[in-house]
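The listed protein sequences correspond, in order, to chains E and V.
Under the working numbering, the first residue of the first sequence carries the number 2, and numbering increases by one thereafter.
Under the working numbering, the first residue of the second sequence carries the number 2, and numbering increases by one thereafter.
Each residue gets a CB set at the ideal place from its N, CA and C atoms; glycine is no exception.
Read the structure below first, then the notes.
There are 2 protein chains.
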Amino acid sequence: MNTRVIKSGGELVIFEKEKLFRSLKSAGANEDEINRVWHKIKPKIEAENISTRKIFQLAFNTLKKQRAGIAARYKLKNAMRELGPSGYYFEKLMSHVFMNAGYKTKTNLILSGKCINHEVDVQFTNQSEVNWAECKFSNKAGQKVDVKVALYFSARFMDLKSAGEVSAKPRNYFPWLISNNRFTKDAMDYGECAGIKMLSWDYPNKDSLKKLIEKHNAYPITCLTSITLNEKKLLLSEDVIVCNQIDINKLEKTLHLSPVRKSKIIEECKWLS
Amino acid sequence: MNTRVIKSGGELVIFEKEKLFRSLKSAGANEDEINRVWHKIKPKIEAENISTRKIFQLAFNTLKKQRAGIAARYKLKNAMRELGPSGYYFEKLMSHVFMNAGYKTKTNLILSGKCINHEVDVQFTNQSEVNWAECKFSNKAGQKVDVKVALYFSARFMDLKSAGEVSAKPRNYFPWLISNNRFTKDAMDYGECAGIKMLSWDYPNKDSLKKLIEKHNAYPITCLTSITLNEKKLLLSEDVIVCNQIDINKLEKTLHLSPVRKSKIIEECKWLS
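Quick look at the structure:
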């Protein structure tokens, strides 16, 4: 008989084991680890109508006991939300993603357009490219960036690109609209058609935000399960945004770590840097 | 000695008689009527530190006793706010302004752009022109339309103008951004530079929203002082938006008017149609 589970909307659907396995695999768990998680949580899934959210939590907690770094990756989406409530640290994170990808980056710029000055959240450049990114952060699940944002950003990009000083430098200019959640259908349709590079949590499939973070090892420090939320805030305020920035000796002084916690953090960071 | 009055921000400034006279004159009062208002309210202005708001009210009430139509014009700005709380009737009003100016008008359209469909608040056309207007209504004094609105509207206009069916018809296309209040400086700078026709309560000087309403006799029925707010709402819901739409015989049936009120309304409408 098929096991049924409850989706976030309250809908009863048939449980898909493959989805759970894929998510565990993409978090870096090997076959052996995945099977161990599965045997641990299988009875709970089969016992009653359990929510998909609960399954995620169970899998996460089971994985956490096995290996800290993997669990940290698995909670990346929630970790993104912990960068809030403002979008400030999300912009900083994006800067690190593109920095790790080999670009020179700047955040929070004021640049002259043809008509007026504009704020640019993240600029990332190399010899041939100038990329301007508008970052839309939300710490609520399910919120989508709407078409007005895509429209105003498109007009802003055109105005920046038409500025005299820009057109004097013959490089390629690209607009990016980045969301840690998703875009509405209209925003997607317009953005794609207007030549905006649309980057969201799971779009585009091969180079989604999630995959770029993994590919360029730019895990936010909020992924760490071995330090508290207050400690994360302290580190963020000191401009430690991603795990590969962590210097364990410096960290030891800031957070007053016991030897046990120190080794836990080192273990997690090893998997996230 | 100079008389001092209190501005809305609490600041004490020297009273400028000329400003009051100009506002009365632009409401349609003649020299004689202005002088009568002035002699009536002068002692109150001189007696103590009175607010500019209070002066407006005094002048308005004094004028109202003299001639209903003039007072109704004088309160046009407040009458605009009474069209709220949503922007629905403001769009209808703008449609009447441009209809009275000789255009064919439509409100609340969905039109195809090159990339996506867009809502257009008011479209007004003639043989050679197609005008698309985005109407921004606010019923709070002092609220300004910001630059993001001007930017998204600019991108929306470009997308509409790039649509295949549009480019097949060789007419002139104009974007209008209309506010019953004002725009921020950035919105103005961008809009003007990007070729948007910016229309606000008092801009552009010679063809501001206020002056267009006067010029084309499109006074909203909320200007009338002889009917109540509830009666205004009833009429609006029956699609009677401007005073020159009023048919006194029909109105008599809808509102159950006494002969005194009937003649008052006729007198006001004479001045507002």
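Three-way DSSP call (helix, strand, coil) for residue i in this model
i, result
"L273/V", "helix"
"V6/V", "strand"
"V261/V", "helix"
"P221/E", "strand"
"F158/E", "helix"
"L84/V", "coil"
"V146/V", "strand"
"N182/V", "coil"
"I15/E", "strand"
"N31/V", "coil"
"S113/V", "strand"
"S238/V", "helix"
"I228/E", "coil"
"N140/E", "coil"
"G165/V", "helix"
"D248/V", "coil"
"K170/V", "coil"
Nearest candidate by alpha-carbon position, reference residue i, set the options
i, options, result
"D127/E", "Y174/E, T53/E and F138/E", "Correcting the residue identity first, residue 127/E is Asn in this sequence and not Asp. Closest option to N127/E, Cα to Cα, is Y174/E."
"N79/V", "K43/V, L273/V, L21/V and P221/V", "P221/V"
"N3/E", "N50/E, G29/E, G11/E and S24/E", "N50/E"
"T108/V", "F99/V, G114/V, C116/V and I214/V", "F99/V"
"T63/V", "R82/V, M81/V, K43/V and K186/V", "K43/V"
"D160/V", "K170/V, K115/V and V243/V", "K115/V"
"S113/V", "I56/E, R54/E and D187/E", "D187/E"
"K76/E", "R172/E, K20/E, L25/E and K198/E", "L25/E"
"S9/E", "F57/E, F125/E and K93/E", "F57/E"
"K41/E", "N31/E, E17/E and K66/E", "K66/E"
"Y90/V", "Q124/V, L210/V, D240/V and L256/V", "D240/V"
"G88/V", "N101/V, Q246/V and I242/V", "I242/V"
"M199/V", "D147/V, H217/V, E215/V and A164/V", "D147/V"
"H217/E", "L237/E, C244/E and P171/E", "C244/E"
"I7/E", "E47/E, S27/E, F125/E and N36/E", "E47/E"
"G103/V", "E17/V, A219/V and S264/V", "A219/V"
Burial state of residue i (16 or more Cβ within 10 Å)
i, result
"I15/V", "exposed"
"S139/E", "buried"
"V261/E", "exposed"
"I223/V", "This sequence places Thr at residue 223/V; Ile is not what is there. Classification for T223/V: buried."
"H97/V", "buried"
"I117/V", "buried"
"H119/E", "buried"
"N182/V", "buried"
"K141/E", "exposed"
"K233/E", "buried"
"S201/V", "buried"
"I111/V", "exposed"
"I249/V", "exposed"
"E269/E", "buried"
"L273/V", "buried"
"D203/V", "exposed"
"K93/V", "buried"
"D122/V", "buried"
"L237/E", "buried"
"R157/V", "buried"
"L84/V", "buried"
Residues bridged to residue i (per DSSP)
i, result
"W133/E", "Q124/E and P176/E"
"L108/V", "A small correction: the amino acid at residue 108/V is Thr; Leu does not occupy that position in the sequence shown. Its beta-bridge partners are V123/V."
"K198/V", "W177/V"
"N206/V", "Answer is none; N206/V lacks a bridge partner."
"V243/V", "P221/V"
"I51/E", "V6/E"
"N36/E", "DSSP, once it has assigned bridges, lists no residue as partnering N36/E."
"N118/V", "S113/V"
Residue i: CB within 7 Å of a non-hydrogen atom of the ligand MG
i, result
"E135/V", "Because no ligand of any kind appears in the structure shown, any question about the ligand MG cannot be addressed here."
Practice prompt. Would you check if the segment 135 to 155 of chain V and the segment 139 to 153 of chain E touch, i.e. whether three or more CB-CB distances between them fall below 8 Å?
Written response: Because the criterion of three Cβ pairs below 8 Å is met, the segment 139 to 153 of chain E and the segment 135 to 155 of chain V touch.
Item to complete: Determine contact between the segment 176 to 187 of chain E and the segment 125 to 139 of chain E, defined as no fewer than three beta-carbon pairs at a distance below 8 Å.
Response: They touch, by the three-pair rule.
Worksheet item: Are the segment 215 to 233 of chain V and the segment 192 to 200 of chain V touching by the rule of at least three beta carbon pairs closer than 8 Å?
Response: As far as the Cβ criterion goes, the segment 215 to 233 of chain V does not touch the segment 192 to 200 of chain V, which means the pair count is below three.
Fill in: Interface positions of the segment 153 to 167 of chain V facing chain B (Cβ-Cβ less than 9 Å), listed along the chain
Included in the structure are the protein chains E and V, with no chain B among them.
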